[in-house]
Amino acid sequence: KGNFDIVTTEYHLRWGNGIEVLRGVKKKNPFTPVIMFTGAGTEEVAVEAMKYGLDDYIIKKEEYFMRLPAAVHVVMEKIQERIKRKRAEEALKESEEKYRTLVEQSPDGIFIVDLQGNFLSVNKAMCNVLRYSEKELLSMNIWDVVPKRYQKLYKKRIAKILKGEHLTEPAEYEVKARDGKVYTIEVRSVPYIKAGKIVGFQGIARDVTERKKMEKELKKNLEYLQRFHDATVDRELKMRELKEKIKEYEKLIEELKRNK
872 KGNFDIVTTE
882 YHLRWGNGIE
892 VLRGVKKKNP
902 FTPVIMFTGA
912 GTEEVAVEAM
922 KYGLDDYIIK
932 KEEYFMRLPA
942 AVHVVMEKIQ
952 ERIKRKRAEE
962 ALKESEEKYR
972 TLVEQSPDGI
982 FIVDLQGNFL
992 SVNKAMCNVL
1002 RYSEKELLSM
1012 NIWDVVPKRY
1022 QKLYKKRIAK
1032 ILKGEHLTEP
1042 AEYEVKARDG
1052 KVYTIEVRSV
1062 PYIKAGKIVG
1072 FQGIARDVTE
1082 RKKMEKELKK
1092 NLEYLQRFHD
1102 ATVDRELKMR
1112 ELKEKIKEYE
1122 KLIEELKRNK
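Structure representation (structure tokens):
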């Protein structure tokens, strides 16, 4: 019962053995260090105990007892290091889970591609954009979804990204989805770096096909309205000129009448 900073035990006990103690301690708290005293010639017992998490052992002879303070110091340092490593792993795991949740719940497509153009990672939204399953995309190359007529241009763009050039504005790409239709996506890309080296690129993609259609339709309507406006203004000018001409003719007629 209770918590301990460190546990020392003998292998041979009147009511059991040290391995039972070891397993009980480690079950309650894997980070509690345990040092076991073993009789001469029973080092193999200690080695077996190591499999259950024994931190150190000391042969039960007077000349070895002097090792105890040093052994305690060493195992305590090891345990502290193990605790730090465990906490770091938990923090990393938590961070990865948060990132994974953020990526999966993102309304925008998120992807990672290697230097050869192979998809390394895609989220659900990216699958929705391209109409492929995650399994399908991870077996594909980015050029499988880019129409040939655009590949030369896009390769130049991607080459700039892989050189580490900072592109401030998102780029538009035409992509061919699984349904055979071509969609317009807006992509912000940056190099994908591992161990200090660029090993691909990653990006955030948004389907802007409907927006582009609306922009095209609005532009068309605007051009029509401009032409209508120009025609209306032109007609008004002509009407004004005509009225002025009529007034001039009316004046001439009046003058002719007076001169009769």
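Here the sequence shown stands for residues 872 to 1131, numbered as in our numbering. Glycine is no exception: its CB is placed at the ideal position from the N, C-alpha and C atoms. All values reported here derive from a predicted model rather than from experimental measurement.
Query	Result
Between which residues of its own chain and F875 is the CB-CB distance below 7 Å, once the five residues before and five after are set aside?	T903
What residue ranges within the segment 877 to 940 form continuous alpha helix (DSSP H) runs of no fewer than 4 residues, ordered along the chain?	889 to 899, 914 to 921 and 933 to 936
Using three-state DSSP, classify D979 as helix, strand or coil.	coil
With respect to the alpha helix (DSSP H) encompassing A1048, which residues constitute its N-terminal and C-terminal limits?	Counting along the chain, A1048 falls outside any alpha helix (DSSP H), and DSSP gives it neither H nor E.
If we count the other Cβ atoms within 10 Å of its Cβ and call it buried at 16 or more, is T880 buried or exposed?	buried
Should S977 and A996 be called a contact, given that it needs their Cβ atoms to be closer than 7 Å?	yes
Where does T1039 fall in DSSP's three states?	coil
With H, G and I counted as helix, E and B as strand and the rest as coil, what does DSSP make of R1077?	strand
What first and last residue would you give for the alpha helix (DSSP H) that runs through A1000?	At residue 1000 the sequence reads Val, which differs from the Ala that was named. First-last of the alpha helix (DSSP H) with V1000: K995 to L1001.
State the Cα-Cα distance for the pair E934 and K899, rounded to the nearest angstrom.	33 Å
Going straight from the alpha carbon of L986 to that of A917, what length do you get?	51 Å
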